[in-house]
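Our numbering numbers the first residue of the sequence shown as 75 and each following residue consecutively.
Every residue, glycine too, gets a C-beta built ideally from N, C-alpha and C.
Owing to the predicted nature of the structure, the values given are computational and were not obtained by experimental measurement.
Here's the structure we're looking at; comments come further down.
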Amino acid sequence: MAPPADTLSVRPPAPGGPLCPCARPQRPCSGARCRSRVEVHKEGAPRRGARGEESPMLVREVMTAPAVTVSERATVKEAIGLLDRHDVAALPVVDTNGFLVGVVSEADVIREMVVPDPRVHELPVRLTTAPFLARVADVMSNHPLTVTGDTELAKAADLLTSTVVKSLPVVDHGKVVGIVSRRDIVRLLSRQDERIEAEIDELIRQDGRDWMVEVADGIVTVEGPVDVSEERLAEVLVSSVPGVIGLRFGRVTAT
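Structural data, given as structure tokens:
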């Protein structure tokens with residue numbers, strides 16, 4: 075079954091078994107007790123922060139800043155060099171005042187530069203530098219999709235997965251302040267266990283709890299909560315940390 079439309083979910087594989095990773099035989103999981111998926115909530119369903127307040131993950135927490143940009147007056151050859159040198163799929167195009175006027179992508183420059191081979195198609199041979207000297211303004215995509223730093227990450231993720239766009243300029247009053255891409259979101263989801271564990275430990279310490287935490291492949295094990303209210307608090311704390319894909323309660327392996 076597809077995940078609900080208002081969430082972006084990653085479920086750990088469980089062939090022939092329960093989706094819930096905790097699988098505690100003494101207390102069957104009700105679904106609410108185990109976070110077996112990552113949820114990035116859209117508008118109307120905010121993620122809860124460390125203190126229970128509404129805290130949706132925002133684009134500015136994930137974006138690459140500053141963004142590599144290119145002038146609308148630059149040549150296509152110069153844009154190709156930037157795309158290759160910085161290993162990016164697209165460049166925000168700015169005018170002389172730094173305002174966003176378009177986006178030039180790998181597809182745009184390939185479309186401009188790669189032409190039929192005259193040897194195969196019996197075309198007249200024309201040795202020309204015109205494509206290389208063409209201006210970015212001539213090949214860029216106008217009116218690009220954009221987001222702001224305060225856009226919820228789920229909305230950006232929806233744009234990046236429901237369209238052919240691989241990256242979105244992040245703007246503030248028309249000027250580019252960053253860029254968010256599919257790669258940025260994948261990087262978020264692939265954070266190292268040690269970093270996730272350190273962040274959760276810090277949140278627990280700040281809350282004055284004496285719980286133990288262990289993270290393996292994004293699945294968080296918490297030892298210490300003694301009742302449902304404490305387990306709920308643990309869920310709130312853990313779900314506020316990027317990269318978590320599941321939560322269970324049990325004994326933490328001594329290290």
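Whose C-beta lies closer than 6 Å to the C-beta of residue i among residues of the same chain, with five residues either side of it excluded?
i: valine 175; result: Glu146, Val167, Asp169
Could you tell me the distance, in whole angstroms, from the CA atom of residue i to the CA atom of residue j?
i: arginine 209; j: valine 312; result: 49 Å
i: alanine 181; j: leucine 219; result: 16 Å
i: lysine 240; j: serine 255; result: 6 Å
i: glutamate 309; j: threonine 327; result: 20 Å
i: leucine 156; j: valine 296; result: 46 Å
i: leucine 263; j: valine 318; result: 8 Å
i: alanine 231; j: aspartate 281; result: 31 Å
i: threonine 225; j: lysine 249; result: 15 Å
i: histidine 247; j: leucine 321; result: 40 Å
i: serine 303; j: valine 162; result: 46 Å
i: proline 299; j: glutamine 266; result: 25 Å
Identify, in the order they occur along the chain, each residue of the same chain with its Cβ nearer than 8 Å to the Cβ of residue i, setting aside the five sequence neighbours on each side.
i: valine 183; result: Val150, Ala153, Ile154, Leu157, Val213
i: serine 215; result: Gly176, Val177, Val178, Ser179, Asp182
i: valine 144; result: Glu152, Ala153, Leu156, Leu165, Pro166, Val167, Val168, Val178, Val210
i: valine 245; result: Leu174, Thr220, Val221, Thr222, Val251
Pull up the CB-CB distance for residue i and residue j, whole angstroms please, since I reckon it's below 8 Å.
i: valine 287; j: aspartate 275; result: 6 Å
i: valine 142; j: histidine 160; result: 5 Å
If I follow the unbroken alpha helix (DSSP H) through residue i, where does it start and stop?
i: valine 210; result: 210-213
i: lysine 229; result: 227-236
Could you tell me the boundaries of the beta strand (DSSP E) in which residue i lies?
i: leucine 242; result: 241-246
Examine chain C for any beta-carbon lying closer than 8 Å to the beta-carbon of residue i, and answer yes or no.
i: glutamine 280; result: You won't find chain C in this structure, because it holds only one protein chain.
Quick one: what's got a C-beta closer than 7 Å to residue i's C-beta in the same chain, skipping five residues either side?
i: aspartate 258; result: Val136, Met137, Thr138
- Query: Considering only residues of the region 122-184, which uninterrupted alpha helix (DSSP H) runs meet the minimum length of 4 residues and lie entirely inside it, listed in chain order?
  - Reply: Listed in chain order, they are 150-160.
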